[in-house]
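Participant: Here's a structure for you.
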Amino acid sequence: MSTLVDSLQAAAGLITDGESQLAGIVILSLRVSLSAVSLAALLGLPLGALLAVGRFPGRQTLIIVINGFMGLPPVVVGLLVYLLLSRAGPLGTFGLLFTPTAMIVAQTLLITPIIAALARQIIADAWAETHEQLRSLGAAPWRAALTLLWDTRFSLFTALLAGFGRAAAEVGAVMIVGGNIDGVTRVMTTTIALETSKGDLPLALALGLVLITLVLALNTAAHLMRQWAMRRYG
Amino acid sequence: MMIARQDVFPLELNEVCFASGGQRIIERVSLAIDGHVRTVILGANGAGKSVLMRLMHGLLAPNSGAIRWCGQPERAAAQAMVFQRPIMLRTTAIANVAYGLKLAGMGKSERLAHATEALDKVGLAHLATRPARVLSGGEQQRVALARAWALSPQILFLDEPTASLDPGATHEVERVIGEIAASGCKIVMTTHNLGQARRLADEIIFLHHGRVVEYTPASIFFAAPRSPEAASFMKGELP
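Protein chains in written order, with the numbering used here: chain A, 1 to 234; chain B, 1 to 239.
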């Protein structure tokens, strides 16, 4: 018990001191995960809309695969990206392994299915409600998809948030493709894993607190925004 | 306007059948609908009124039979439909009205002017910048009517447009429908409300179990329906 209290005190000290090592780790974490969410949104939202509105052979299979990939194990994604980016791999010439870029690629692959699957569900529900009206007004399917992407924007933001939560919290993928190099690819989760195994609990705990606070703050902001949007737009 | 009308009407259905999930919903319906009068499709719940209207509008394709506009199989472009539950996008009332015009390829300033005019005609100019989905049900339905009217359709389909509205809102919606008809637009409407049919119909299509049982002028239908099904529907005997 006293270990926990001591560690908490030390952690609080680290946070309030604004120690540069800690700040660097937090900033890199945010940079990697927010980049991954942005890229995954660019890929996943159109894919979700296409699966919700489009009718083409193989659509059902694709939906099942993407739903299944929501639960991809991060270490497996990390391993795949590692194999692709390693010196002998097909993309080895770019020298991206053990860089933040590799971490962004791995997290993007990890969360694109999450964002696509949630977006598909959200847009499919909206499509069921509106497709007759949109067709009656003469909207082609691609136009209807764009309209619904905009119309469901507040719900889709929740999907992006789920992606961000997953990216910020995972350790397996970034550990494998980033290598947890101090000052280069060390993020919150990999630091927590390393420091815990070394026995330096205060730093691990401080980062854990920051991580939880960040995720809570983001979710609070999103919740308030949704409430506002519901009152404003119905 | 008269010349354009002659390009579209009559709307002819020839032996149209429609089934879904193994259930026959519309059976061998043949009709020729003229463009000058207000047509009300009347019938009990499940008679096939909404499906018949969706076939006419082109939202559903018949399993067999043919639908022709003035002898042409192409879906006439100048048509619009208002549904039982108004579908509003998460934006302002005026942007909802302008959306249909945008899809029709109209430029921004022109569609804003058209949308403003249409909202004014349904008496909602003062709510133009309000988010559409927080308006009352009756107001939303009038926005839907404005959205349809703004497209200057030659024919407007209305599927139970007042079924979920209170009497006051119903009255307003009926007033707007009357004005749309007076502007030269053909009205085809479904209802199971006899009073509404009396108020709005020039002619009645009475549907029973997916078949057209009567197609007669409203005055004759309400004076003395010829079929036993229509007679018992009017006496309130059918569900």
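Note that beta-carbon positions come from the ideal geometry of N, C-alpha and C, so glycine has one too.
All values derive from a computational prediction rather than experimental measurement.
1. Run through the DSSP bridge pairs and tell me what B:H208 is partnered with.
2. Span of the beta strand (DSSP E) holding B:S152?
3. By alpha-carbon positions, which one of B:A115, B:R68, B:R85 ends up nearest to B:Q141?
4. Run down chain A in chain order and give the residues with a C-beta less than 7 Å from the C-beta of B:M81.
5. Pull up the distance between the alpha-carbon of A:I181 and that of A:Q9, whole angstroms please.
6. Let me see if you follow: with CB-CB separation under 8 Å, is A:A139 close to chain B or not?
7. Is B:V134 close to chain A, meaning its C-beta is less than 8 Å from at least one C-beta of that chain?
8. Going along chain B in order, which residues have a C-beta closer than 7 Å to the C-beta of A:R232?
9. Just verifying my parser: in three-state terms, what is the DSSP assignment at A:P141?
10. Just to make sure I have the definition right: I need the residues of chain B whose C-beta is within less than 7 Å of the C-beta of A:T130. Which are they?
11. Under 8 Å between the Cβ atoms of B:A78 and B:V97?
12. Starting from the beta carbon of A:T147, find every residue of chain E whose beta carbon is closer than 8 Å, and list them in chain order.
13. Could you confirm whether any beta carbon from chain B is found closer than 8 Å to the beta carbon of A:Q133?
14. Within the same chain, show all residues whose beta-carbon is closer than 7 Å to that of A:L160, passing over the 5 residues directly before and after it, in chain order.
15. Where do the ends of the alpha helix (DSSP H) carrying A:N67 lie?
16. If you reduce the DSSP assignment to three classes, tell me which class B:E15 lands in.
17. Please decide whether A:D151 counts as near chain B, where near means a Cβ-Cβ distance under 8 Å.
18. Measure the C-alpha to C-alpha separation of A:A49 and A:E195 and round it to an integer number of angstroms.
19. Check whether the Cβ atoms of B:I26 and B:L52 sit closer than 8 Å, and answer yes or no.
20. In the DSSP output, which residue or residues are listed as bridge partners for B:P131?
21. Spell out whether any CB of chain A is found under 8 Å from the CB atom of B:A4.
22. Whose C-beta lies closer than 7 Å to the C-beta of A:G165 among residues of the same chain, with five residues either side of it excluded?
23. Please check if any C-beta of chain A sits within less than 8 Å of the C-beta of B:L103.
24. For A:A106, which residues in the same chain have their Cβ closer than 6 Å to its Cβ, ignoring the five residues on either side in sequence?
25. With a threshold of 8 Å between beta-carbons, can A:R143 be considered close to chain B, or not?
26. Leaving aside the five residues before and after B:E12 along the sequence, list all residues of the same chain whose C-beta is less than 6 Å from its C-beta, in chain order.
27. DSSP beta-bridge partners for B:T216?
28. Using a Cβ distance threshold of 8 Å, determine whether the stretch 143–151 of chain B contacts the stretch 94–112 of chain B, with at least three qualifying pairs required.
29. Expressed to the nearest angstrom, what Euclidean distance is found between the alpha-carbon atoms of A:V65 and A:M230?
30. Quick one: which chain A residues come within Cβ less than 7 Å of B:L59?
31. Can you tell which of B:V8, B:V29, B:L200 has the C-alpha that lies nearest to the C-alpha of B:E245?
32. Can you find the residues in the same chain that come closer than 7 Å, C-beta to C-beta, to B:R5, ignoring five residues on each side of it along the sequence?
33. Go through the stretch 21–59 of chain B residue by residue and report every complete run of the beta strand (DSSP E) that reaches 3 residues or more, in order.
34. Does the separation of the CB atoms of B:D159 and B:T190 fall below 8 Å?
Facilitator: Looking at the atomic coordinates:
1. Bridge partners of B:H208: B:R211.
2. Neither: B:S152 is in no beta strand (DSSP E) and is coded neither H nor E.
3. The closest CA to that of B:Q141, considering only B:A115, B:R68, B:R85, is found on B:R85.
4. For B:M81, the chain A residues whose Cβ falls inside 7 Å of its Cβ are S136, in order along the chain.
5. C-alpha separation (whole angstroms): 27 Å.
6. Closer than 8 Å: yes.
7. Yes, B:V134 lies at the interface with chain A (some Cβ there is under 8 Å from its Cβ).
8. Here the neighbours are P131.
9. Under the three-state reduction of DSSP, A:P141 is assigned to helix.
10. Correct list: I87.
11. No, the Cβ-Cβ distance between B:A78 and B:V97 is not below 8 Å.
12. Of the protein chains in this structure, namely A and B, none is chain E.
13. Yes, A:Q133 lies at the interface with chain B (some Cβ there is under 8 Å from its Cβ).
14. Apart from sequence neighbours up to five positions away, the residues of its chain that approach A:L160 with a beta-carbon distance below 7 Å are V37, A41, I115, ordered along the chain.
15. Its alpha helix (DSSP H) spans residues 59–69.
16. Three-state DSSP puts B:E15 in a strand.
17. Among the CB atoms of chain B, one or more fall inside 8 Å of the CB of A:D151.
18. Straight through space, the alpha carbons of A:E195 and A:A49 are spaced by roughly 42 Å.
19. Contact flag set, yes.
20. Paired residues: B:T92.
21. At B:A4, the pLDDT of 47 sits below 50, so the modelled position is not reliable and the matter cannot be decided from this model.
22. Its chain contains V215 as the residues whose beta carbon lies nearer than 7 Å to that of A:G165, once the 5 sequence neighbours on both sides are disregarded; these appear in chain order.
23. By this cut-off, B:L103 is an interface position.
24. If we look at A:A106 and ignore the five residues flanking it on each side, its Cβ neighbours are V77, G78, V81, A173, V177.
25. Cβ-Cβ to chain B under 8 Å: yes for A:R143.
26. Once the five neighbours on either side are set aside, the close Cβ partners of B:E12 are A32, R68.
27. Bridge pairing for B:T216: B:I204 [DSSP].
28. Contact between the stretch 143–151 of chain B and the stretch 94–112 of chain B is present, because at least three Cβ pairs lie under 8 Å.
29. Computed Cα separation, rounded: 32 Å.
30. Going along chain A in sequence order, the residues near B:L59 (Cβ under 7 Å) are E132, R135, S136.
31. As displayed, chain B neither begins before 1 nor continues past 239, which places residue 245 of chain B out of reach and without an answer.
32. Confidence at B:R5 is low in this model, with a pLDDT of 46, below 50, so the placement of that residue is unreliable and no value is reported for it.
33. Counting whole runs of 3 or more residues, the stretch 21–59 of chain B contains the beta strand (DSSP E) stretches 23–33, 39–42.
34. Yes, the pair counts as a contact, with Cβ atoms nearer than the cut-off.
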